[in-house]
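Colleague:
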Amino acid sequence: MRSENTVFVARVIVDSGEGRGSGPARVVIEEPLWNVPQGLREVDVDTMAGTTCYRRLKTGERYVVFAGTDPGPKPHLSMSSCSKTFSLAGNEYLLNALRVKALGGPSRLVGKVSRSGVSNATRRPIPGVTVIARSSDQSFETITDNEGRYELRALPPGFYQLEVSKPGFLPDEEYNNTQPGWPARGNASEPFGARPAPVSVPLAAGSCEVWDLALWPRGRISGQVSFPDGQPVAGILVQAVESYSQDWRKSKPMRTARTDAAGRYLIEPLPGSDYVVSVDPGSVRGLAPSAAVFFTAKRGESNPAEVHVKDNQETTGVNITLPPPH
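Position in the sequence shown counted from 1, then plus 371, gives you the working numbering.
Written as structure tokens, this is what we have:
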């Protein structure tokens with residue numbers, strides 16, 4: 372991962388392209404923050420076009436750009452894989468914190484707390500979240516504002532572990548313990564609560580660390596999987612897929628669970644939405660692989676029924692009956 376030691380506020384004059392991008396962006400540097408070459412006012416920025424970590428820079432918009440310098444006769448900057456570059460719109464508080472750092476102000480931790488379960492582009496901020504930063508010998512606490520933003524100021528240098536909490540939500544430990552600029556490696560088939568190794572955020576004297584956090588709304592779906600004679604099906608994989616898209620059959624499940632010895636399951640946490648719930652008979656040893664079997668409004672029907680889930684509530688009775696085993 373290239374070191375992003377050059378930081379500045381820029382306005383884009385040449386777009387880097389839609390989709391996965393078409394090339395570098397051309398920007399005008401409006402405000403150098405640190406390590407910007409003297410006299411540099413306009414420059415190309417490599418945006419990792421063509422990769423999964425591409426970050427589009429749109430014409431006319433303003434960004435705080437984190438980049439590394441590439442050697443060569445022509446000034447050229449490159450954002451690293453999954454760069455910390457962010458749009459300035461709605462994030463002026465982050466720029467203010469970075470300005471304080473540039474001026475040698477007191478150390479601080481800043482960021483935003485958002486809902487998990489939706490794409491990064493549409494995450495919604497959560498107000499009223501308790502954020503705690505713990506070092507080896509002390510802790511500091513704050514509450515997010517109406518835009519989900521938090522700021523912990525004048526922290527002593529050291530290493531801090533961050534905790535977030537709010538009634539009706541569960542911490543997204545995978546996201547919260549992922550280094551900024553790197554994608555979380557969550558897997559919907561993994562049981563929720565398998566906590567990754569906690570990350571300690573290093574905070575040097577006079578530094579400003581940006582660390583976004585996330586919470587899962589605690590919606591839940593529960594039910595039982597059985598055969599027509601009532602015999603429970605243990606150990607079968609049950610999955611919930613959001614049904615808002617016409618292509619939901621091709622979508623990755625939001626979350627999965629396996630049934631217990633009585634065929635019961637509980638899928639959590641889930642953001643409030645409409646879901647299609649199904650099971651994969653091939654996930655159980657002894658059952659022949661077949662097409663997915665869906666929860667339906669009436670027994671014997673084949674068309675999937677939508678399951679409505681509200682934040683912090685459990686939708687019960689989502690029972691699925693498998694065809695008789697051969």
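For glycine and all other residues, C-beta sits at the position ideal for the given N, C-alpha and C.
Could you check if proline 695 is buried or exposed, using at least 16 other CB atoms within 10 Å of its CB as the buried criterion?
Modeller: With fewer than 16 Cβ atoms within 10 Å of its Cβ, proline 695 is classed as exposed.
Colleague: Pop quiz: isoleucine 638 and arginine 591 are said to be a contact at Cβ under 8 Å. What is the actual Cβ separation, rounded to whole angstroms?
Modeller: Contact flag correct, Cβ pair sits at about 7 Å.
Colleague: Can you tell me where the beta strand (DSSP E) holding alanine 668 begins and where it ends?
Modeller: No beta strand (DSSP E) contains alanine 668, which DSSP labels as neither H nor E.
Colleague: Which whole runs of the beta strand (DSSP E) in the stretch 375-400 are 3 residues long or more, in chain order?
Modeller: Whole beta strand (DSSP E) segments, 3+ residues: 377-385.
Colleague: Pull the bridge partners of tyrosine 434 from the DSSP assignment, please.
Modeller: Beta-bridge pairing links tyrosine 434 to Ala381 and Ser458.
Colleague: Let me check understanding here. Comparing Cα to Cα, which of Ser451, Val435, Glu613 and Ile691 lies closest to threonine 422?
Modeller: It is Ser451 whose Cα lies nearest to the Cα of threonine 422.
Colleague: Just the Cα atoms here: how many angstroms apart are leucine 404 and aspartate 386?
Modeller: Computed Cα separation, rounded: 22 Å.
Colleague: Spatial neighbours of arginine 391 within its chain, please: C-beta separation below 6 Å, excluding the five flanking residues on both sides.
Modeller: Only Gly421 and Tyr425 meet the Cβ criterion.
Colleague: For arginine 382, I'd like the list of residues in its chain whose CB is within less than 7 Å of its CB, leaving aside the five on either flank, ordered along the chain.
Modeller: Result list for arginine 382: Val398, Val399, Glu401 and Arg433, in chain order.
Colleague: Hey, tyrosine 636 and glycine 594 are a contact pair by Cβ (cut 8 Å); roughly how many whole angstroms apart?
Modeller: Rounded, the Cβ-Cβ distance is 6 Å, consistent with contact.
Colleague: Just grab the DSSP bridge partners of serine 483 for me.
Modeller: The sequence shown places lysine at residue 483, rather than the serine named in the question. BP columns for lysine 483 point to Arg520.
Colleague: For leucine 641, report the span of its beta strand (DSSP E) as first-last.
Modeller: Here the beta strand (DSSP E) through leucine 641 covers 635-641.
Colleague: Quick one, which of Val380, Gly410 and Val481 has its alpha-carbon nearest glutamate 512's?
Modeller: Nearest C-alpha to glutamate 512: Val481.
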